[in-house]
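Undergrad: Heads up, the sequence shown is in the numbering used here, so the first residue is 169 and it goes up one at a time.
All C-beta atoms in this analysis are idealised placements derived from N, C-alpha and C, irrespective of residue type, glycine included.
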Amino acid sequence: MSDELTRFQRLLEQAQRELDGLSEQLAVVDAQLRQTEAQVADLEQYLQRLGQPDATQMDRGGDLLRQRGYLGQLFQALGQLNQQVSALVARRQETEQAWLAQRARVKALEKYLQRRLEAQQRRQERQAQHTLDERAAWQWHTARASRS
169 MSDELTRFQR
179 LLEQAQRELD
189 GLSEQLAVVD
199 AQLRQTEAQV
209 ADLEQYLQRL
219 GQPDATQMDR
229 GGDLLRQRGY
239 LGQLFQALGQ
249 LNQQVSALVA
259 RRQETEQAWL
269 AQRARVKALE
279 KYLQRRLEAQ
289 QRRQERQAQH
299 TLDERAAWQW
309 HTARASRS
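(1) Using a Cβ-Cβ cut-off of 6 Å (strictly less than) and excluding sequence neighbours within five positions of residue 211, which residues of its own chain qualify?
(2) Have a look at residue 276 and residue 270 and give me their C-alpha separation to the nearest angstrom.
(3) Counting along the chain, where does the alpha helix (DSSP H) carrying residue 177 start and finish?
(4) Under a Cβ-count criterion, where at least 16 other Cβ atoms within 10 Å of its own Cβ denotes burial, should residue 274 be classed as buried or exposed?
(5) Can you give me the C-alpha to C-alpha distance between residue 250 and residue 208, rounded to a whole angstrom?
(6) Have a look at residue 194 and residue 266 and give me their C-alpha separation to the nearest angstrom.
(7) Assuming residue 180 and residue 278 are in contact, meaning their beta carbons sit under 8 Å apart, how far apart are those beta carbons, in whole angstroms?
(8) What does a CB cutoff of less than 6 Å around residue 259 pick up in its chain, not counting 5 residues either side in sequence?
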């Protein structure tokens, strides 16, 4: 393999490693997103249960202010989780765009390297055929000269 092809092979390997790293990042973000969305769903279900009559014992003692404070904290936590979900969705989109760009780069390098290798193979085949043709011509010329 020529120096140029070796260089492009190394570039391809590096690009593939970067793609693998982005794939791992994407998997991590997806896992974080699923986990945070599950927390949001759990908290929403909990808040829904609290809103049902007889679901909480805080109201029995007339401790309405404490219950409101508790619900306020739950809604604040829910808001923070929703902000985390929004941030993770944005991060996932950015990571996915970077992954797609890197994948396109890897595919382009693979295609370029494949074409260069095919061109090199064709050159070698033409050179081998030329060598065979020269040898055949030399043998024919030698055989003709020996007959004369």
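TA: Taking the structure as given:
(1) To locate residue 211, count along the sequence shown from 1; it is residue 43. For residue 211, same chain residues with a beta-carbon under 6 Å away, outside a window of 5 residues either side, are 246 in chain order.
(2) Locating residue 276 in the sequence shown gives position 108, where the first residue counts as 1. Locating residue 270 in the sequence shown gives position 102, where the first residue counts as 1. Rounded to the nearest angstrom, the gap between the Cα atoms of residue 276 and residue 270 is 10 Å.
(3) Locating residue 177 in the sequence shown gives position 9, counting from the first residue. Taken as a continuous stretch (DSSP letters only), the alpha helix (DSSP H) holding residue 177 covers 171-219.
(4) Reading the sequence shown from its first residue, position 106 is the one you call residue 274. That one is buried.
(5) Here the question's residue 250 lines up with position 82 in the sequence shown. Here the question's residue 208 lines up with position 40 in the sequence shown. Taking the straight line joining both Cα atoms gives about 7 Å.
(6) As a first step, residue 194 is located in the sequence shown; it is residue number 26 there, counting from the start. As a first step, residue 266 is located in the sequence shown; it is residue number 98 there, counting from the start. Rounded to the nearest whole angstrom, the CA to CA distance from residue 194 to residue 266 is 10 Å.
(7) Within the sequence shown, the letter at position 12 stands for residue 180. Within the sequence shown, the letter at position 110 stands for residue 278. Between residue 278 and residue 180 the Cβ distance is about 6 Å, and since that is below 8 Å, they are a contact.
(8) One-based indexing of the sequence shown puts residue 259 at position 91. When the five nearest sequence neighbours on each side are left out, the beta carbons in the same chain lying within less than 6 Å of the beta carbon of residue 259 are those of 197, in order along the chain.
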